[in-house]
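Working notes for the structure below.
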Amino acid sequence: MSSQAQTSQAAAHGRFRLGLGLGSRTMTESVFGVPYERPIARLREFLVALRSLLETGGAEFTGETLTARTSMPAAVPGADPAPQVLVAATAPQALRVTGELADGPLPLPAGPLTLGEHIVPEITAAAERAGRPAPRGVAFVAEVVTDDVAAAREAAPARPPSTTGCRPTGGWTRT
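The working numbering applies: residue 14 is where the sequence shown begins, and numbers increase by one.
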């Protein structure tokens with residue numbers, strides 16, 4: 014994954030962001046043959062190894078759930094700076110690991126209230142404890158392009174409570 018991310022970073026001239034997720038039990042076990050045990054520990058170890066590969070071009074890591082060692086340099090020319098790593102995280106433990114080791118979260122789905130009261134404070138505190146800069150995430154906003162506004166409003170679900178009463182949080186990108 015490091016080589017793919019670095020190649021994408023070089024092709025995007027430094028504008029690539031790598032988005033990761035914990036995956037599901039079904040995908041992890043049946044497709045990849047990896048037991049879906051201790052996903053937060055695996056996330057932590059994966060991010061430690063990945064950061065080393067992205068930032069130094071090498072890894073010497075042995076954890077409880079994975080091992081990463083490079084026998085030769087794994088840096089890709091032109092992949093500067095190292096790609097930002099974003100993690101699909103909304104649960105407290107995943108947010109803490111993301112704040113400590115990643116550049117920010119991909120909190121889908123999360124409305125402004127959930128972002129402002131739960132996700133941003135949790136991940137920002139974790140980043141501060143780890144001595145890392147304040148994380149920048151990507152908030153997904155559902156939108157519709159239509160020439161029949163009334164029909165779109167009627168078809169849309171009622172606005173969930175988590176999307177009301179909160180102003181946008183600084184440092185986040187809307188997509």
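Where is the CB? At the ideal position from N, CA and C, for every residue including glycine.
{"Check": "Three-way DSSP call (helix, strand, coil) for V154 in this model", "Outcome": "coil"}
{"Check": "Supposed close pair R109, A139 - CB separation, criterion 8 Å", "Outcome": "4 Å"}
{"Check": "Beta-carbon gap between A88 and L99 smaller than 8 Å", "Outcome": "no"}
{"Check": "Whole-Å CB distance - L35 paired with P52, under 8 Å assumed", "Outcome": "5 Å"}
{"Check": "Proximity winner among E50, F74, I136, relative to R38 (alpha-carbon distances)", "Outcome": "E50"}
{"Check": "Length at least 4, wholly inside the region 66-150: the alpha helix (DSSP H) runs in chain order", "Outcome": "105-114, 133-142"}
{"Check": "Buried or exposed (CB count within 10 angstroms, at least 16 for buried), T103", "Outcome": "buried"}
{"Check": "Three-state class that DSSP yields for L35 in the structure shown", "Outcome": "coil"}
{"Check": "Contact check, A143 vs G124, beta carbons under 8 Å", "Outcome": "no"}
{"Check": "R30 (DSSP reduced to helix, strand or coil)", "Outcome": "strand"}
{"Check": "Whether S16 touches F29 by CB criterion (8 Å)", "Outcome": "no"}
{"Check": "DSSP state of I53 mapped onto helix, strand, coil", "Outcome": "helix"}
{"Check": "E58 at chain E interface by Cβ criterion, 8 Å", "Outcome": "As a matter of chain content, chain E is missing from the structure shown, which is built from one protein chain."}
{"Check": "CB-CB length for G117 against R166, believed under 8 Å", "Outcome": "So it is not a contact: roughly 32 Å between Cβ atoms."}
{"Check": "Cβ neighbours of A92 in the same chain (closer than 6 Å, five flanking residues each side left out)", "Outcome": "Q19, Q22, A23"}
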